[in-house]
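This report concerns only the one structure given below.
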Amino acid sequence: MIKGFKIFKNAISADDRRLLVHDLRLAVERAPLYRSYTPSGQPLSVRTTSMGRYGWYSDAAGYRYVTRHPNGTKWPAIPAPLLNLWGLLVSTDRAPDSCLLNYYSGTAKMGLHRDNDEVDFSWPVLSISLGDDALFRVGGMARGDATQSVWLSSGDVVVMGGDARRAYHGIDRIKFGTSRLLAHGGRINLTLRVAK
DNA sequence: GAGTACCG
DNA sequence: GGAT
1429 MIKGFKIFKN AISADDRRLL VHDLRLAVER APLYRSYTPS GQPLSVRTTS MGRYGWYSDA
1489 AGYRYVTRHP NGTKWPAIPA PLLNLWGLLV STDRAPDSCL LNYYSGTAKM GLHRDNDEVD
1549 FSWPVLSISL GDDALFRVGG MARGDATQSV WLSSGDVVVM GGDARRAYHG IDRIKFGTSR
1609 LLAHGGRINL TLRVAK
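The numbering used here puts the first residue of the first sequence at 1429, with every later residue one more than the last.
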């Protein structure tokens, strides 16, 4: 596995997961899930929203961070438990300014890509899995490099720093119905970042 | 011409 | 590995 890639299995307790989902439900009421598009016009299979000063957005104009939801409102605040987790696992010098929420239905996936739209790659990305199990694939610095796969489950936390911050990664598939955390099933992935 | 959050 |  790439250096700088850390998995914390079961890092969030079952109680805290439920509290977190409650916070996220409030955020999604104000900033509903929407679909992003690749620059070539293909819709992503995940549905997305964000919290924090910046949200990740993409359409024909490309991948970027924006300060407002497509509905014109500012993104909701990042819930305090997530900021605390960042302080514990990443840094207390600076808080993240973006938390991307991707919802995976039973058939959603995420192709191999690199998080490439941030200003300073020295800040790690912190990723949280909630709900159904997901098959996570990690490669190297080049698209054709060998990859490894690992199953992530609800409450797992991944930190990608150092070399791993620039590594290709994606989600091959979800194992629908493996968790009862989310009322309608599926998976939520949260990624905390310093975007700008 | 580079790089790929899509597809096959 | 494309087509964009």
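For every residue, glycine included, the Cβ atom is placed at its ideal position computed from N, Cα and C.
Tell me which residues share the same chain as residue i and place their Cβ nearer than 8 Å to its Cβ, disregarding the 5 neighbours each side in the sequence.
i       : result
Lys1431 : Gly1590, Asp1591 and Ala1592
Leu1447 : Pro1509
Which partner residues of residue i appear in the DSSP bridge assignment?
i       : result
Arg1601 : Leu1563
Leu1558 : Ile1616
Ser1478 : Leu1528
Phe1421 : No answer is possible for residue 1421: the residues shown for the chain start at 1429 and end at 1624.
Does the beta-carbon of residue i have 16 or more other beta-carbons within 10 angstroms, so that it is buried, or is it exposed?
i       : result
Ala1488 : exposed
Ser1607 : buried
Thr1520 : exposed
Tyr1462 : exposed
Pro1471 : exposed
Asn1530 : buried
Going along the chain, which residues of its own chain have a beta-carbon closer than 6 Å to the beta-carbon of residue i, five neighbours each way excluded?
i       : result
Ser1533 : Gly1614
Asp1451 : Pro1507
Asp1623 : First, the amino acid is wrong: residue 1623 is Ala here, not Asp. Closer than 6 Å at the Cβ level, and outside the excluded window around Ala1623, lie Tyr1482, Tyr1493, Asp1525, Ser1526 and Glu1546.
His1377 : Since the first residue of the chain shown is 1429 and the last is 1624, residue 1377 is not available in this structure.
Tyr1491 : Asp1545
Ala1562 : Leu1580, Ile1599, Ile1602 and Arg1615
Gly1515 : none
Ile1440 : Gly1583
Ser1464 : Leu1472, Thr1476 and Ser1486
Can you list, in chain order, the residues of its chain whose CB lies under 7 Å from that of residue i, leaving out five sequence neighbours each side?
i       : result
Met1569 : Arg1594 and Ala1595
Val1456 : Thr1477
Leu1511 : Ala1523
Pick out whichever of the options has its Cα sitting closest to the Cα of residue i.
i       : options                               : result
Ser1473 : Ala1536, Met1429 and Ala1439          : Ala1536
Gly1480 : Arg1496, Ser1464, Ala1505 and Gly1583 : Ala1505
Asn1438 : Ser1582, Phe1604, Leu1447 and Gly1469 : Ser1582
(request) Could you pull out every unbroken alpha helix (DSSP H) segment of at least 4 residues lying fully inside the stretch 1492 to 1536, listed in chain order? (result) Complete alpha helix (DSSP H) runs here, min 4: 1508 to 1517.
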